[in-house]
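Report on one structure; see the data block that follows.
Protein chains: 2
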Amino acid sequence: MTETRRRGRRPSGADTKTALIEAATEAFAAQGYDKATVRDIAGRAGVDPAMVNHWFGGKEGLFAAAMQIPVNPAEIIEGALRGGREHAGEQLVRTFLHVWDTTGGGVFAGLVRSVAGHELAAKLLREFVTRFIFGRLAKEIGADRPELRGALTGSQMVGLGMMRYVVKLEPIASADHDTLARAIGPTIQRYLTGDIDI
Amino acid sequence: MTETRRRGRRPSGADTKTALIEAATEAFAAQGYDKATVRDIAGRAGVDPAMVNHWFGGKEGLFAAAMQIPVNPAEIIEGALRGGREHAGEQLVRTFLHVWDTTGGGVFAGLVRSVAGHELAAKLLREFVTRFIFGRLAKEIGADRPELRGALTGSQMVGLGMMRYVVKLEPIASADHDTLARAIGPTIQRYLTGDIDI
DNA sequence: GTCTATACAACGATAGAC
DNA sequence: GTCTATCGTTGTATAGAC
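Residue numbers (my numbering), protein chains in the order written: chain A, 6 to 203; chain W, 6 to 203.
Here it is as structure tokens:
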């Protein structure tokens with residue numbers, strides 16, 4: 006009785022990406038990142054698990070897409086470390102600004118709204134940030150207390166986003182990337198590699 | 006024909022404070038801080054302008070109350086500058102944590118929600134922060150580019166609040182004040198008095 | 001009778017008109 | 001430069017709650 010799905014390209018109209026994102030949103034929200042499985046999500050969406058790789062580059066990408074975060078975690082890390090660890094601070098600021106300026110500030114504001122409004126969204130963002138971005142970045146840098154360093158880094162980056170995209174406080178809202186990178190870069194650099202006086 | 010209001014204590018039930026806050030919320034929202042006058046607000050509330058001073062300590066206090074910000078601006082400044090300008094960074098972090106830990110993180114989250122959701126709230130917060138807290142603090146310190154310094158300081162403080170009270174990312178969410186003051190204090194100190202490499 | 005929330009009057013500062 | 005209107009704030013007397 007198990008109807009075998011036909012191979013090959015499907016008839017158009019079945020939006021595989023959308024179906025996957027919807028199924029993933031439910032699954033991640035209900036079970037968290039670890040417990041939600043790609044196979045289960047693909048099953049709910051009625052598509053092959055390989056589609057996750059094809060469309061989102063893997064489980065991480067699907068998670069980011071489900072959270073409506075226009076960021077590929079790997080790109081953030083790579084962008085920050087380009088130029089060596091002694092420039093990671095400035096580079097991270099530049100990468101952050103590039104990503105969100107391109108996306109449009111409204112998306113950031115929307116993310117903040119959902120995080121501030123729903124405990125569930127906060128939990129998912131917590132998991133996302135911890136696991137993919139700042140924790141990994143701190144470990145990549147190779148310093149002590151990577152969780153604290155990552156969280157401190159996150160606090161400054163989120164604060165930057167709040168000022169630039171949500172509160173729109175001048176002169177941060179309109180400042181060019183160079184100015185902000187030079188002003189905030191050293192803060193991130195210290196959080197990542199400096200002496201944070203534990 | 007002008008009916009002179011009776012002096013003396015009013016019959017109970019007439020809540021002057023609430024009436025003032027409601028009138029102030031409307032007035033500040035409609036006209037901004039400068040254009041809204043104490044006299045007009047008191048008039049709308051049907052009470053004497055002197056009540057603003059009596060209940061809120063002045064126009065600033067009424068504004069803070071209308072914004073539901075449990076912070077007396079003057080206290081922030083005073084708390085940060087206690088100990089001299091070379092310790093203003095650490096002190097500001099400590100004062101910030103003391104105020105919001107006492108209030109309860111939920112209030113901070115609510116403020117973020119309203120700011121992220123309503124452009125009007127963002128505008129008022131912008132005005133509040135610019136005028137009363139960071140701008141004044143930066144000028145009090147006496148450095149160049151006070152607006153940029155104030156905005157940078159604000160970005161780190163707001164980010165700290167987001168991590169501790171909204172996202173609740175560990176280890177920031179549970180860290181003691183000393184740890185955070187030592188970790189973040191130098192950032193604020195540099196923003197306020199250091200070389201921000203313009 | 002005491003306490004306090006209140007109204008009224010007046011002050012110094014400030015901004016704009018002329 | 002002066003005059004005026006209006007602002008935020010302060011001092012003080014009083015009426016009513018307790």
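Ideal Cβ positions, reconstructed from N, Cα and C, are used throughout, including at glycine.
If I measure Cβ to Cβ from residue i and keep anything under 7 Å in the same chain, skipping five residues before and after, which residues do I get?
i	result
residue 180/W	none
residue 53/A	47
residue 60/W	21, 22, 25
residue 64/W	43, 57
residue 98/W	185, 186, 189, 190, 193
residue 146/W	90, 93, 197, 198
residue 4/A	Residue 4/A lies beyond the residue range present for chain A, which begins at 6 and ends at 203; the question has no answer from this structure.
Have a look at the options and flag the residue whose alpha-carbon is nearest the alpha-carbon of residue i.
i	options	result
residue 82/A	118/A, 197/A, 48/A	197/A
residue 170/W	27/W, 64/W, 110/W	110/W
residue 114/A	194/A, 39/A, 164/A, 143/A	164/A
residue 134/A	62/A, 77/A, 108/A	77/A
residue 185/A	166/A, 201/A, 55/A	166/A
residue 100/A	138/A, 72/A, 120/A, 128/A	138/A
residue 201/W	67/W, 153/W, 172/W, 183/W	153/W
residue 29/W	141/W, 70/W, 96/W	70/W
residue 27/A	68/A, 55/A, 151/A	68/A
residue 182/A	87/A, 55/A, 104/A, 79/A	104/A
Is residue i close to chain W? Criterion is C-beta to C-beta, closer than 8 Å.
i	result
residue 6/A	Because the pLDDT at residue 6/A is just 49, under 50, the model does not fix this residue reliably, and the value given afterwards should be weighed accordingly. No, its Cβ sits nowhere closer than 8 Å to a Cβ of chain W.
residue 175/A	yes
residue 18/A	With a pLDDT of only 46 at residue 18/A, under the threshold of 50, the placement of this residue in the model should not be trusted; the figure read from the coordinates follows. Answer no: the Cβ-Cβ gap between residue 18/A and chain W never drops below 8 Å.
residue 152/A	yes
residue 134/A	yes
residue 114/A	yes
residue 30/A	no
Please return the same chain residues whose Cβ sits closer than 8 Å to the Cβ of residue i, not counting the five positions on each side in sequence.
i	result
residue 168/W	174, 177, 178
residue 148/A	154, 197, 198
Along chain A, which residues have their Cβ under 8 Å away from the Cβ of residue i?
i	result
residue 168/W	156, 159, 160, 163
residue 118/W	118, 121, 122
residue 198/W	Those do not exist, as residue 198/W stays about 14 Å from chain A at its closest Cβ, beyond 8 Å.
Might you give, ordered along the chain, the residues of its own chain that have their beta carbon closer than 6 Å to the beta carbon of residue i, omitting 5 neighbours on each side?
i	result
residue 41/W	32, 33
residue 7/W	No answer about residue 7/W holds up, because its pLDDT of 38 lies below 50 and its placement is not dependable.
Determine, for residue i, whether the minimum Cβ-Cβ distance to residues of chain A falls below 8 Å.
i	result
residue 202/W	yes
Looking at residue i and the ligand NAP, is the gap between the Cβ and the nearest heavy atom below 7 Å?
i	result
residue 86/A	Summarising the ligand content, the structure contains no ligands, and the ligand NAP is consequently not present.
So with CB distances below 7 Å, who are the chain A contacts of residue i?
i	result
residue 187/W	202
residue 100/W	Going along chain A, no residue has its Cβ under 7 Å from residue 100/W, so there is no contact; the nearest lies around 17 Å.
Can you pull the chain W residues whose beta carbon is under 7 Å from the beta carbon of residue i, in chain order?
i	result
residue 131/A	172, 173, 174
residue 127/A	171, 172, 173
Taking the Cβ atom as the reference point for each residue, do residue i and residue j lie within a distance shorter than 8 Å?
i	j	result
residue 161/A	residue 161/W	yes
residue 118/W	residue 122/A	yes
residue 172/W	residue 130/A	yes
residue 85/W	residue 125/W	no
residue 38/W	residue 195/W	no
Check the Cβ of residue i against every Cβ in chain A and list those closer than 9 Å, keeping chain order.
i	result
residue 108/W	The premise fails here: residue 108/W is roughly 16 Å from chain A at the closest Cβ pair, so nothing lies under 9 Å.
Residues of chain W with a CB under 8 Å from the CB of residue i: which are they?
i	result
residue 21/A	Per Cβ cutoff of 8 Å: no residues; residue 21/A is ~32 Å from chain W at best.
Closer than 9 Å by beta-carbon distance: list the chain W residues that pair up with residue i, in chain order.
i	result
residue 42/A	Chain W residues near residue 42/A: none, gap ~25 Å exceeds 9 Å.
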